[in-house]
Amino acid sequence: MELRGIKLIDLLKSIEQKKISSIEVFNYFSNRSKKYNKLLNAYITILDSGSHVPISFKDNFLTKNIKTTASSYVLEQFIPPYNSTVVDRLIKSKLSILGKTNMDAWAHGSSTETSDFGPTKNPWDLKRSPGGSSGGAAASVASYLSPVAIGSETAGSIRQPASWSGVVGLKPTYGRVSRYGVVAMGSSLDSPGVLALSVEDCAYILKIIAGKDNNDATTSNEKVPDYLSLIKNNQTFTIGISEEYLKDVSTKIIENFFKTVEVFKKLGHNIKKIKLMDPSKSIAVYTIIQRAEVSSNLSRYDGLRFGNDRSFFGEEAKRRIILGTFTLSQGYIDKYYKKAQQLRTLIINDFNNAFKEVDMILAPTTPTSAFKLGEFEKYPFFGELMDKLNEPSAISGLPGISIPIGLDKNRLPIGMQILGKKFAESEILSLAYQFEKETDYFNITKELLKQYPD
Amino acid sequence: MKKILKFDKEYLEYLASLSLLSLTEKEKRTLIKKLEDTKEYIDNINKEPTIDVQPTYQVGNLENIYFKDGEINKRQLNQTEVFRNTKNKFKNYFSTKKII
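What follows is the structure in structure tokens.
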């Protein structure tokens, strides 16, 4: 049975119909992962055996008795004594851990280049970055080393690598999915999510991992609906587009973006022009909030109970800790930290006003397609600029999904994002699903997988 | 608290000591430049008016969760699990450098 490129839910069906065994499926992905990891460096750890359909986890999700490094030398030998809630829930749903994917160290970055274990390569062009920080996750799905990957996003870390690697990336509402056992970066922002080849797989996984968790007080009591059936309702929506999100975006991305808008019009959706705050204004707000939370969260790494001491932090982590320490210090906290949180309120209000007129918002995911490895060092705000279009919604805790909308002239994937109201995952998944059914993402995955035979 | 406008070497060392980080001379040179650039950028937020705007510290509706008396703490780790990752153990204690 030819497995390459099959959706997770179809793999599960085939096992149910006894066309293939779950162990065969595990071995298929484990072998593919080992075969291509030398080339892509998508994984830090690959497991040899498992009894169910496997999925990969970003290396900031704690996995009991399996090394978890967050791609930092500080945690190089760290063996967690318990599972994160997301890992636990997936294991209970009869899925296995395939491996732990590479990422920017501590999720600090947008290219996977700050990983202490070397950068991940973009499966579309090995000289380029897959994006980040969930870069290993995105690369593992794009090249079908894993049918689905669990990633995490603080602002852009799922959507941006999904866009650069040509896969679907879902960042749920803050509080929809438990952060318990996920190496903390920005605690008021961190959202675990899914990268997959299809919207259905995202819906299937979200249903399992979403919901209240007593070990994370920020998880919501909001009911978890059956996303997989809801997305098939063929609803029509009023969709907003804001000029502010199209500034400084490459011409080819704009061109594909408007072609996609035409697809949505054809499907019967209403497109409406809206005004949103310039997303560039969020960069400073996000930088302040995130660095402050980083400096506080990384203070626990003292090398006493676990991990290496603080001299093992890389330069990026040191820079972020020091800036966070500065903005939180006496005399500056009101000027920076409190001021940023006030602006956060204004950004939230801005979205709330927009959502009075429209059901959801469409925008490009990133201003450019994948950069070459090494480029990021030339720009002091590389990550923040690449994530500019993701930051306002992340700061506001909103859900977003990035879907592939074609290739550029260098044969690199382009992504578009759909932003929804809080807890409106079923709506954004539904619109994304309608696009997927209509276009099958122009078959870009099939095209890429020709380069990655079994 | 010394009021500074620039990230000079002395101030960087002060912040590093607050963060328990040691920096090499080379790191200090690059960090001063990068932090100065970042500060210049984040200073932009002070151009935006926010009079009477309430800050948002978290976007969910937080509720405290309490541990009920008598409830079994499922998160408890045994001693083997607790000490598994440490390099600095003395009998059944974590050992640290002398503090005082």
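Chains as they are written, first to last, in the numbering used here: chain A, 3 to 456; chain B, 21 to 120. Ideal Cβ placement from N, Cα and C applies to all residues, glycine included.
Would Ile323 of chain A pass as an interface residue toward chain B - the criterion being a Cβ-Cβ separation below 8 Å? yes
Alpha carbon of Lys22 of chain B to alpha carbon of Leu147 of chain A, nearest angstrom = Confidence at Lys22 of chain B is low in this model, with a pLDDT of 47, below 50, so the placement of that residue should be treated as unreliable; the coordinate-derived value is given next. When rounded, the distance between both Cα atoms is 54 Å.
- Could you tell me whether the Cβ of Ala372 of chain A comes closer than 8 Å to any Cβ of chain B? no
Near-chain B residues of the region 329–349 of chain A (beta-carbon distance less than 8 Å), N- to C-terminal order: Thr329, Ser331, Gln332, Gly333, Lys337, Tyr338, Lys340, Lys341, Ala342, Gln343, Gln344, Leu345, Arg346, Thr347 and Leu348
Taking 8 Å as the CB-CB cut-off, is Asn93 of chain B touching chain A?
no
| Rounded separation between Val263 of chain A and Ile273 of chain A - CA only | 8 Å
| Relative to the alpha-carbon of Ala144 of chain A, which residue among A:Lys123, A:Leu364, A:Lys129 and A:Ser73 has its alpha-carbon at the smallest distance? | A:Lys123
- Message: In the DSSP assignment, the beta strand (DSSP E) including Gly195 of chain A goes from what residue to what residue?
- Response: Ser193 to Ala198
Exercise. Is any beta-carbon of chain A found at less than 8 Å from that of Lys54 of chain B?
Worked result: yes
Cβ-based burial, Met3 of chain A [other Cβ within 10 Å; buried from 16]: Burial call: exposed.
Does DSSP classify Ile119 of chain B as helix, strand or coil?
coil
TODO: State the Cα-Cα distance for the pair Asn98 of chain B and Glu449 of chain A, rounded to the nearest angstrom.
DONE: Taking C-alpha positions only, Asn98 of chain B is separated from Glu449 of chain A by approximately 51 Å.
_Pick from A:Asn351, A:Leu199, A:Ser135 and A:Ile207 that is closest to Ala157 of chain A, judged by C-alpha positions_ = A:Ser135
Please tell me whether Asn112 of chain B has its Cβ less than 8 Å away from any Cβ of chain A.
no
Is the beta carbon of Glu427 of chain A less than 8 Å from the beta carbon of Pro401 of chain A? yes
Output the boundary residues of the beta strand (DSSP E) element that contains Pro366 of chain A.
-> Met362 to Pro366
query = Taking DSSP as the reference, what is the three-state secondary structure of Gly457 of chain A?
reply = In the structure displayed, chain A extends from 3 to 456; residue 457 of chain A sits before or after that span and is not available.
- Proximal chain A residues relative to Arg49 of chain B, where beta-carbon distance stays under 9 Å: Simply none; closest approach about 12 Å.
| query | In whole angstroms, what separates the C-alpha of Asn105 of chain B from that of Leu269 of chain A? | reply | 55 Å
- Considering only the beta carbon of each residue, do Val461 of chain A and Ile17 of chain A sit closer than 8 Å? Outside the displayed range of chain A (3 to 456) lies residue 461 of chain A, so it cannot be described from this structure.
(message) Please list, in chain order, the residues of the region 52–81 of chain B that have any C-beta partner in chain A closer than 7 Å.
(response) Lys54, Leu55, Asp57, Thr58, Tyr61, Ile62, Asn64, Ile65, Asn66, Glu68, Thr70, Val73, Gln74, Pro75, Thr76, Tyr77, Gln78, Val79 and Gly80
Segment limits, beta strand (DSSP E) that includes Pro406 of chain A:
Gly402 to Leu409
- Roughly how many angstroms lie between the CA atoms of Glu1 of chain A and Asp352 of chain A, to the nearest whole one? The structure shown does not extend to residue 1 of chain A, since chain A spans only 3 to 456, so no value can be given for it.
task = Take the Cβ of Asp250 of chain A as the centre, count every other Cβ of all protein chains shown within 10 Å, and call the residue buried at 16 or more, exposed below.
result = exposed
Decide if Gly333 of chain A is buried, meaning its Cβ has at least 16 other Cβ atoms within 10 Å, or exposed. exposed
If we count the other Cβ atoms within 10 Å of its Cβ and call it buried at 16 or more, is Glu245 of chain A buried or exposed?
exposed
Contact check, Ile46 of chain A vs Phe119 of chain A under 8 Å by CB: the rounded distance? 6 Å
Should the region 125–139 of chain A be called in touch with the region 150–166 of chain A, which here means at least 3 C-beta pairs below 8 Å? yes
**Prompt:** Can you give the beta carbon distance from Ile532 of chain A to Ile255 of chain A, rounded, assuming they're within the 8 Å contact cut?
**Reply:** The question about residue 532 of chain A has no answer, for chain A in this structure spans 3 to 456.
Assigned exposure category for Ile48 of chain A - 16 Cβ within 10 Å defines buried = buried
#### Entry: Three-state secondary structure assigned by DSSP to Phe28 of chain A
helix
### Message
Within 8 Å of any Cβ in chain A, is that where the Cβ of Met21 of chain B sits?
### Response
Legend: pLDDT at Met21 of chain B = 45, less than 50; position of this residue unreliable, no value from coordinates given.
message: Between Ala157 of chain A and chain B, is the shortest Cβ-Cβ distance under 8 Å, so that the two count as touching?
response: Chain B contact via Cβ: absent.
How would you list, in chain order, the residues of chain B whose beta-carbon sits under 9 Å from the beta-carbon of Lys320 of chain A? Ala36, Ser39, Leu41, Leu43, Glu47 and Leu51
Going by C-alpha to C-alpha distance, which of B:Leu32, B:Asn112 and B:Ile65 sits closest to Thr289 of chain A? Comparing alpha-carbon positions, the option among B:Leu32, B:Asn112 and B:Ile65 lying closest to Thr289 of chain A turns out to be B:Ile65.
- Any idea what DSSP makes of Tyr443 of chain A, helix, strand or coil? helix
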